[in-house]
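First up is the structure itself, then whatever we jot down about it.
There are 2 protein chains.
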Amino acid sequence: MLNEFKDIIDPKMLPSRRKYLYYYIVGLVDSEGCFSISIKKQDGTKFGWVIDPVFQVTQSREHAAVLEILKRVFNCGRIIPKPGQEASTLQYIVDARRNLAEKIIPFFKKYKPIIKWREFQYFADIVEGLEKGEHRNLEGFRRLLEKAYKVSPERKYKLSEILSELEGRVDASETIRRAP
Amino acid sequence: MLNEFKDIIDPKMLPSRRKYLYYYIVGLVDSEGCFSISIKKQDGTKFGWVIDPVFQVTQSREHAAVLEILKRVFNCGRIIPKPGQEASTLQYIVDARRNLAEKIIPFFKKYKPIIKWREFQYFADIVEGLEKGEHRNLEGFRRLLEKAYKVSPERKYKLSEILSELEGRVDASETIRRAP
């Protein structure tokens, strides 16, 4: 029995081994988890936009135990009230890139989501690209952006808007650099 | 590798053993499954109402493979377009009571849902009560109805409406029986 979780839940309610619990988690995440890449306007950053990967799992407050188990298994992240549904719903969130790269992604490479496999692969690619610093040059930043839009095209800003803004920015900075 | 599913999905996408797949299924069902008891008005039945247990899992058409896997693992049920969302969504449905009693319930007694544990227990109690024929007498029927309302109180008809209709029915039939 997984007594290590006994402060969270009666161990009789859990699978009898860690490995079984991991597969339970894959099934749960495959339906209620989300590997999302948000694209945010942010002044003061190199390109005026940031690429922000977040792993999250949503659950009603009544079943907070499940999120506590995730937090302990992944040994990172936090549980917060879901914005807009604070009274009823919680979210387990991992947004620190180091934790995504070192804990979340290796887990789901080993224990593969079925439904969210494509979404997860793009997520992993983008996080790994960010870890390598590919977003620090325009070409790499554009490639990561395009990847984010490919897996999830419906967003607040159109890709074309962001790309043309980026071009404008680079032209401006080159003009400055070339100025005598 | 679980080659027995290779006509449905690349076995590399699946857990490597049946037992692991079972825990994946528990996780999936714990979020997207539903152990529901519907109460329907139905003329020509003993009490004018039927207690109808259904196990179902909903999924987008794009990921129909997951429902096909469930159907094969449980070796029963059917996959249909979800009423009202036919174009995008499918449902795996088991409503034959024998299959619920002999396949679905024993599975989830062994591989326990965490989030849906309470819902599942009521479901199992009611299905087992129906299997024993408890619904054939008024007292048993009322007990099963009350159980269904206890786990899921928000329904089209109020429990009190149904109960008073049942009383009326029984009074009427007793009057008939007592008539000379």
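These protein sequence lines are chains A and B, in that order. So that you can map any letter, position 50 of the first sequence is 50 in this note's numbering, and since no number is skipped, the others follow by simple counting. Positions in the second sequence are counted from 1; adding 180 to them yields this note's numbering. For every residue, glycine included, the Cβ atom is placed at its ideal position computed from N, Cα and C. Values in this document were obtained by computation on a predicted structure and should not be read as measured data.
1) Between A:E139, A:Q91 and A:K41, which lies nearest to Y157 (chain A) when the distance is taken from Cα to Cα?
2) Between F108 (chain A) and Y92 (chain A), what straight-line distance do the alpha-carbon atoms span, to the nearest angstrom?
3) Quick one: measure Cβ to Cβ for G33 (chain A) and K116 (chain A), integer angstroms, because I've assumed they're closer than 8 Å.
4) On the criterion of 16 or more Cβ atoms from any shown chain inside 10 Å, does V350 (chain B) qualify as buried, or is it exposed?
5) Quick check on DSSP: helix, strand or coil for R277 (chain B)?
6) Excluding sequence positions up to five away, which residues of its chain have a Cβ less than 8 Å from the Cβ of P11 (chain A)?
7) Under 7 Å Cβ to Cβ from F123 (chain A), same chain only, skipping five residues before and after it: list those, please.
8) Helix, strand or coil, according to DSSP, for I114 (chain A) in the structure here?
9) Name, in chain order, the residues that DSSP records as bridge partners for Y92 (chain A).
10) Would you identify the three-state DSSP class for I69 (chain A), choosing helix, strand or coil?
11) Tell me the rounded alpha-carbon separation between I9 (chain A) and A65 (chain A).
12) For Y185 (chain A), decide whether its Cβ has a neighbour in chain B, counting only Cβ atoms nearer than 8 Å.
13) Tell me the rounded alpha-carbon separation between L241 (chain B) and Y22 (chain A).
14) Taking the straight line between their C-alpha atoms, what separation do you get for V253 (chain B) and A87 (chain A)?
15) Output, in chain order, the set of chain B residues within a Cβ distance shorter than 9 Å of D10 (chain A).
16) Following the continuous alpha helix (DSSP H) through K192 (chain B), name the residue where it begins and the one where it ends.
17) On the DSSP letters alone, give me the boundaries of the beta strand (DSSP E) that F215 (chain B) sits inside.
18) At a cut-off of 7 Å, is D190 (chain B) close to the ligand GDP when judged by its beta-carbon and the heavy atoms of the ligand?
19) What residue from A:E128, A:C76, A:L14 and A:V29 has the CA that sits closest to A101 (chain A)'s CA?
Answer, in terms of the structure:
1) Minimum Cα-Cα distance from Y157 (chain A) among the listed residues A:E139, A:Q91 and A:K41 corresponds to A:K41.
2) For F108 (chain A) and Y92 (chain A), the distance between alpha carbons rounds to 16 Å.
3) In this structure, G33 (chain A) and K116 (chain A) form a Cβ contact; the two beta carbons are roughly 7 Å apart against a cut-off of 8 Å.
4) Flag for V350 (chain B) reads exposed.
5) If DSSP states are grouped into helix, strand and coil, R277 (chain B) belongs with the helices.
6) Excluding positions up to five away in sequence, the list reads M1, L2, N3 and F5.
7) Cβ within range, chain order: F35, I37 and P53.
8) Reduced to three states, the DSSP call for I114 (chain A) is coil.
9) Looking at the DSSP assignment, Y92 (chain A) forms a beta bridge with A:V57 and A:I79.
10) Helix, per DSSP.
11) In this structure, the straight-line span from the alpha carbon of I9 (chain A) to that of A65 (chain A) is close to 7 Å.
12) Missing from the structure shown is residue 185 (chain A); chain A here goes from 1 to 180 and no further.
13) Before going further, note that residue 241 (chain B) is Arg rather than Leu in the sequence given. Each residue's Cα considered, the two are about 26 Å apart.
14) Straight-line Cα distance between these residues: approximately 38 Å.
15) Per Cβ cutoff of 9 Å: no residues; D10 (chain A) is ~10 Å from chain B at best.
16) Per DSSP, K192 (chain B) belongs to no alpha helix (DSSP H) and is neither H nor E.
17) Segment G213 to K221, the beta strand (DSSP E) holding F215 (chain B).
18) By its list of ligands, the structure shown contains no ligand whatsoever, and the ligand GDP lies outside what it can speak to.
19) For the residues A:E128, A:C76, A:L14 and A:V29, the minimum Cα distance to A101 (chain A) belongs to A:E128.
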